[in-house]
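Engineer: Residue numbering for the sequence shown follows this note's numbering, beginning at 6 and increasing consecutively.
Quick one: the structure is below, questions incoming.
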Amino acid sequence: MSEHSHDHACGCGHDHEHDHEHDPVFILTDEDGREHEMIMEYTFDSEDSAYAVLLDRNDPEADGVIFRIEEENGEMFLVGIEDDEEWERVAKVYEEIAARENEG
């Protein structure tokens, strides 16, 4: 999957002033049963898989949540990362992206 979300730190050179008001909202339920409105901040690829970083719409300073993007029957959906090795690899990529974002 080559598509990526254009946020202000993606490094592609485009102007990314963005109003999240019209972004799709994903409702995630945490382990305490509380619902959170999440927006997809950006996507990235790692080892032939695509991943999405979601941020809490009401708490944009909170850490992002990472999901693997999968496609089935032409429909895309988000899947939690269960494998520890995959999680470590993806978390490292996310940390590198976050570090670049904080530099700018």
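Glycine included, each C-beta is placed from N, C-alpha and C at the ideal position.
Near S51, what residues of its chain come up, given a Cβ to Cβ distance below 8 Å and the 5 sequence neighbours on each side ignored?
Structural biologist: Against the sequence shown, residue 51 aligns to sequence position 46. Closer than 8 Å at the Cβ level, and outside the excluded window around S51, lie R94, V95 and V98.
Engineer: By the DSSP assignment, the beta strand (DSSP E) with R73 in it spans what residues?
Structural biologist: Position 68 of the sequence shown, counted from the start, is the residue given in the question as residue 73. Note, R73: beta strand (DSSP E), V70 to E77.
Engineer: Under a three-way DSSP split, which group does E91 fall into?
Structural biologist: Position 86 of the sequence shown holds residue 91. Residue state, collapsed to three classes: helix.
Engineer: Could you tell me if A67 is buried or exposed, where buried requires 16 or more neighbouring beta carbons within 10 angstroms of its beta carbon?
Structural biologist: Within the sequence shown, the letter at position 62 stands for residue 67. It counts as exposed.
Engineer: Report the rounded CA-to-CA distance for D35 versus D61, giving the unit in angstroms.
Structural biologist: What you label residue 35 is simply residue 30 of the sequence shown in a count that begins at 1. What you label residue 61 is simply residue 56 of the sequence shown in a count that begins at 1. Taking the straight line joining both Cα atoms gives about 12 Å.
Engineer: Where D1 and L59 are concerned, what is the direct C-alpha to C-alpha distance, given to the nearest angstrom?
Structural biologist: There is simply no residue 1 to check, as the chain begins at 6 and stops at 109 in what is shown.
Engineer: Pick from M81, H41 and F31: whose alpha carbon is nearest that of N63?
Structural biologist: Translated into positions along the sequence shown, residue 63 becomes position 58. Nearest C-alpha to N63: H41.
Engineer: Within the continuous beta strand (DSSP E) that includes A2, where are the two ends?
Structural biologist: A question about residue 2 goes unanswered here, because the residues of the chain that appear run from 6 up to 109.
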